[in-house]
Structure formats: C-alpha cells, structure tokens
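Structure record follows, encoded as structure tokens.
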Amino acid sequence: EAGVAQSPRYKIIEKRQSVAFWCNPISGHATLYWYQQILGQGPKLLIQFQNNGVVDDSQLPKDRFSAERLKGVDSTLKIQPAKLEDSAVYLCASSPYRGLEAFFGQGTRLTVV
Amino acid sequence: KQEVTQIPAALSVPEGENLVLNCSFTDNAIYNLQWFRQDPGKGLTSLLLIQSSQREQTSGRLNASLDKSSGRSTLYIAASQPGDSATYLCAPTAGNRDDKIIFGKGTRLHILP
Numbered sequence: 102e103a104g105v106a107q108s109p110r111y112k113i114i115e116k117r118q119s120v121a122f123w124c125n126p127i128s129g130h131a132t133l134y135w136y137q138q139i140l141g142q143g144p145k146l147l148i149q150f151q152n153n154g155v156v157d158d159s160q161l162p163k164d165r166f167s168a169e170r171l172k173g174v175d176s177t178l179k180i181q182p183a184k185l186e187d188s189a190v191y192l193c194a195s196s197p198y199r200g201l202e203a204f205f206g207q208g209t210r211l212t213v214v
Numbered sequence: 072k073q074e075v076t077q078i079p080a081a082l083s084v085p086e087g088e089n090l091v092l093n094c095s096f097t098d099n100a101i102y103n104l105q106w107f108r109q110d111p112g113k114g115l116t117s118l119l120l121i122q123s124s125q126r127e128q129t130s131g132r133l134n135a136s137l138d139k140s141s142g143r144s145t146l147y148i149a150a151s152q153p154g155d156s157a158t159y160l161c162a163p164t165a166g167n168r169d170d171k172i173i174f175g176k177g178t179r180l181h182i183l184p
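These protein sequence lines are chains A and B, in that order. Reading the first sequence from the start, the letters are residues 102 to 214 in the numbering used here. Reading the second sequence from the start, the letters are residues 72 to 184 in the numbering used here.
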C-alpha cells in the first residue's frame, strides 16, 4: 500500500514570499492532519480535516496560513506571506478515521531566508 | 488542553542494554496512544499503537505499556542496537470529538556501538 505522499521535499524562499505544500493521503483515509515541526520540538498540530471538513484549526495562524482539502482527498497548505519563524518541517498525516492509527509522510522542509 | 511530557529528553547508552522511555500526559480521556520513531531529516514511523482499553503492545524488541488512569506510558526497548538511534515520540489521541493527536518533544536516543 502506498504511503502518504508530500511534495516538495525541500523549499527555500525569501521572507514575504508565498509557498504551498501538497499532500496525498493513503487511499480511503478520511482524516488528514497537517503538523509543523520546528527543529528540536515535537510536531504541532496546525489543522485537522475529516473528509473535506475542518475538525480543528485552532493553532493555524489564519492571517498567513490557509489549507484546503479537495474533494476529501488531496490537501494543500499555503503560507502567504512567509516569515523567518515559519522555517520548519511541515508534516502531513492520514488516518482511516478519527482515533485510528495515523501514518505520516516524509515532510517538507521549509527554510525562510 | 492536553500536554505531553517525555523523559528523558536525551539518552545515550551502550549497545545491548535494555532501556525505558517515559511519557506522561495530562488529559487521560484518550482513544489510544501511539509511539513513533523519527530519524534525522525524515518523517515519523509508527512503532506501536495501544488502544485505551489495552495495557500493553509488543512488536519485536519493543514493548509499550499504558496506564491510562495515571496518564503514563512507557516504551521498553530490549537489547538495544545502534540502528535504534533516533528520536522517539509519544502521541495520545484525544477521546473527545476533536480526536487531536498531540505530541511530546521526544526522547533523542543514541546507542553507542
């Protein structure tokens, strides 16, 4: 079974630019998560989808971050404009349903200079 | 708000030793708890998932226990090997309708050859 796919793997941008990350979850998985992991920290939940509806986005900085899940499958996370403190690894995960085992992608490492 | 603490933050042990990683969480209303492994620059790999009704799970040299009432979990690694060197992350899944997966900061493990 194919795992969670994320792209790109690496991205370097200048501050105030915009960037988008893409995630393709495991086929049939209803729940999708985006996490931000700053170096040396544990992953922090940004947003959680159930199918194409948002379950929780309480820690998403909505003035600059946005996310959508198209037709309950693929998802994109966008940052506009980026700040230096957004430098982190952005992880996508999926689960068959809420509360079941979650599987993670390889992540996208973002560097803002 | 769920808070997850992992102790120790870092650990270096000689190859062959048995070791225990500790995880505590403040809200014991959980569906399950997962232990993940993260290699440098990589995503998260699920090691074990313990349902809230279970006391422990085993996979090879790994054994995870869960004491839901006291908000604690341990990961036991038997006969450690250099290939076990990684960061280990504990993540309980909230048992309310949010089903958030919240992470600790992890334990960085280094097995000395």
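We treat Cβ as the ideally placed atom computed from N, Cα and C, and that holds for glycine.
Below 8 Å between beta carbons: does that hold for leucine 146 of chain A and lysine 139 of chain B? Reading the first sequence from its first residue, position 45 is the one you call residue 146 of chain A. Reading the second sequence from its first residue, position 68 is the one you call residue 139 of chain B. Contact flag unset, no.
Quick check on this structure: which residue in B:Asn93, B:Ala135 and B:Arg143 has the alpha carbon closest to the alpha carbon of asparagine 99 of chain B? If you number the second sequence from 1, residue 99 of chain B lands on position 28. Selected option, being the one with the closest Cα: B:Arg143.
For serine 124 of chain B, decide whether its Cβ has a neighbour in chain A, counting only Cβ atoms nearer than 8 Å. What you label residue 124 of chain B is simply residue 53 of the second sequence in a count that begins at 1. Chain A contact via Cβ: absent.
Counting along the chain, where does the beta strand (DSSP E) carrying serine 117 of chain B start and finish? The residue given as residue 117 of chain B occupies position 46 in the second sequence. Element bounds for serine 117 of chain B: 115-122.
Hey, does glutamate 202 of chain A have any beta-carbon neighbour from chain B nearer than 8 Å? Taking the first residue of the first sequence as position 1, residue 202 of chain A is located at position 101. Yes, because at least one Cβ of chain B sits closer than 8 Å to the Cβ of glutamate 202 of chain A.
For leucine 140 of chain A and alanine 189 of chain A, what's the separation of their Cα atoms in angstroms? Position 39 of the first sequence holds residue 140 of chain A. Position 88 of the first sequence holds residue 189 of chain A. Rounded to the nearest angstrom, the two C-alpha atoms are 7 Å apart.
Among A:Lys179, A:Ser196, A:Gln138 and A:Asp175, nearest to phenylalanine 117 of chain A - alpha-carbon criterion: For the purposes of this step, residue 117 of chain A is taken as residue 16 along the first sequence, with counting starting at 1. This sequence places arginine at residue 117 of chain A; phenylalanine is not what is there. Per the Cα distances, A:Lys179.
Buried versus exposed call for proline 163 of chain B [16 or more other C-beta atoms within 10 Å across all chains shown]: One-based indexing of the second sequence puts residue 163 of chain B at position 92. The residue in question, proline 163 of chain B, is buried, as its Cβ has 16 or more Cβ neighbours within 10 Å.
State yes or no: is the beta carbon of glutamine 118 of chain A nearer than 8 Å to at least one beta carbon in chain B? Here residue 118 of chain A refers to the residue found at position 17 of the first sequence. False, the Cβ-Cβ gap to chain B never drops below 8 Å.
Do the CB positions of glycine 114 of chain B and glycine 208 of chain A come within less than 8 Å of each other? Position 43 of the second sequence holds residue 114 of chain B. Position 107 of the first sequence holds residue 208 of chain A. It is a contact, given that the beta carbons lie within the stated cut-off.
Counterpart residues of asparagine 238 of chain A in DSSP-defined beta bridges: Only positions 102 to 214 of chain A appear in this structure, which leaves residue 238 of chain A out of reach.
Terminal residues of the continuous beta strand (DSSP E) containing serine 176 of chain A? The count along the first sequence starts at 1 and reaches residue 176 of chain A at position 75. Counting along the chain, the beta strand (DSSP E) containing serine 176 of chain A begins and ends at 176-180.
For a test of the three-state rule: what should DSSP assign to proline 85 of chain B, helix, strand or coil? Locating residue 85 of chain B in the second sequence gives position 14, counting from the first residue. Proline 85 of chain B falls in the strand class under three-state DSSP.
Note down, in chain order, every chain B residue with its Cβ under 9 Å from the Cβ of glutamine 137 of chain A. Taking the first residue of the first sequence as 1, we reach residue 137 of chain A at position 36. Those do not exist, as glutamine 137 of chain A stays about 11 Å from chain B at its closest Cβ, beyond 9 Å.
If I measure Cβ to Cβ from proline 98 of chain A and keep anything under 6 Å in the same chain, skipping five residues before and after, which residues do I get? The structure shown does not extend to residue 98 of chain A, since chain A spans only 102 to 214, so no value can be given for it.
Between which residues of its own chain and lysine 25 of chain B is the CB-CB distance below 7 Å, once the five residues before and five after are set aside? Any answer about residue 25 of chain B is impossible in this case: the structure gives chain B only from 72 up to 184.
Residues that aspartate 110 of chain B contacts on chain A, provided the C-beta gap is smaller than 7 Å: Residue 110 of chain B sits at position 39 when you count from the first residue of the second sequence. Going along chain A, no residue has its Cβ under 7 Å from aspartate 110 of chain B, so there is no contact; the nearest lies around 10 Å.
Neighbourhood of isoleucine 182 of chain B by C-beta, 7 Å cutoff - its chain only, sequence neighbours within 5 removed: Taking the second sequence and counting its residues from 1, one reaches residue 182 of chain B at position 111. Contacts found: Val84, Glu86, Ser151, Gln152, Pro153, Asp155 and Ser156.
Thinking just about the alpha-carbon of each residue, which of B:Ala135, B:Ile148, B:Pro184 and B:Leu180 is nearest to the one in serine 95 of chain B? In the second sequence, residue 95 of chain B corresponds to position 24, counting from 1. Closest option to serine 95 of chain B, Cα to Cα, is B:Ala135.
Going by DSSP, which residues form a beta bridge with tyrosine 136 of chain A? Here residue 136 of chain A refers to the residue found at position 35 when the first sequence is read from its first residue. BP columns for tyrosine 136 of chain A point to A:Leu146 and A:Leu192.
So for lysine 171 of chain B, helix, strand or coil by DSSP? Against the second sequence, residue 171 of chain B aligns to sequence position 100. Of the three classes helix, strand and coil, the one that applies to lysine 171 of chain B here is coil, per DSSP.
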